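Residue numbers (the UniProt record's numbering): 1 to 208.
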């Protein structure tokens, strides 16, 4: 059985407990804010690479997710079907691996104009460039990340429709190599000069 604890500013303390039952993974997730209640609790059952069922207790929402793979012209295609009962929404995701450094992804919400196309390029295994076009918003997004030092990752992304620039730094602390720490800042460029929204997050993983 594995457990993880993470702390995030403005959100409180979150905890996850996971256990293996043969090919299945059972997981419980809870958020401990100022007052712990059922609105912070969810359960999931997963068979990696096959399906996932997640139940959000307060929202009474069940999320069904089914995964599959196929080969098209000798290229690997990963497909995911997601349906959320509470929102009555269905999402289709697909990722085509062109080669080890290039891939194309698509995300589509059924019965809507919400279609996103994303291209990802990994340069020398250290930097990743991800331009994206959102047909629903008729707008583009761009994300760039780079691995530095001993596995630390710095990331920057820009959403043109929201005019939001996000910056983040993710690293593994020396006192807990199984955990991680993250600091991020969000700038709303369309609102002029002001203090950005800052978020700090840390997590610890351990076996029970």
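All C-beta atoms in this analysis are idealised placements derived from N, C-alpha and C, irrespective of residue type, glycine included.
None of the values given here were measured: they were computed from a predicted structure.
Selected residue, minimal CA-CA separation from residue i, among the options
i           : options            : result
residue 109 : 134, 102, 103, 129 : 134
residue 63  : 42, 49, 95         : 42
residue 127 : 95, 156, 2, 116    : 156
residue 72  : 80, 61, 98         : 98
residue 198 : 173, 179, 165      : 165
residue 163 : 189, 17, 18, 70    : 189
residue 22  : 171, 46, 201, 194  : 46
residue 69  : 56, 83, 58, 51     : 51
residue 124 : 148, 168, 192      : 148
residue 200 : 191, 193, 120, 181 : 181
residue 184 : 173, 169, 151, 104 : 169
residue 196 : 106, 167, 122, 48  : 167
Start-to-end residues for the beta strand (DSSP E) that takes in residue i
i           : result
residue 71  : 61–72
residue 174 : Taken as a continuous stretch (DSSP letters only), residue 174 belongs to no beta strand (DSSP E), as it is neither H nor E.
residue 94  : 89–99
residue 126 : Segment: none, residue 126 is in no beta strand (DSSP E) and carries neither H nor E.
residue 107 : 102–109
residue 54  : 51–56
Contact belief for residue i with residue j at Cβ below 8 Å, rounded distance in angstroms
i           : j           : result
residue 78  : residue 95  : 5 Å
residue 113 : residue 136 : 5 Å
residue 186 : residue 161 : Wrong, their Cβ atoms sit about 15 Å apart, outside the cutoff.
residue 82  : residue 59  : The Cβ separation is near 15 Å, so there is no contact.
residue 145 : residue 179 : Not quite, the Cβ-Cβ distance comes to about 20 Å (not below 8 Å), so this is no contact.
Counterpart residues of residue i in DSSP-defined beta bridges
i           : result
residue 131 : 142
residue 188 : 164
residue 155 : 145, 168
residue 79  : 68, 94
residue 116 : 107, 134
residue 84  : 63, 89
residue 255 : With the chain covering 1 to 208 only, the question about residue 255 has no answer from this structure.
residue 194 : In DSSP, residue 194 forms no bridge with anything.
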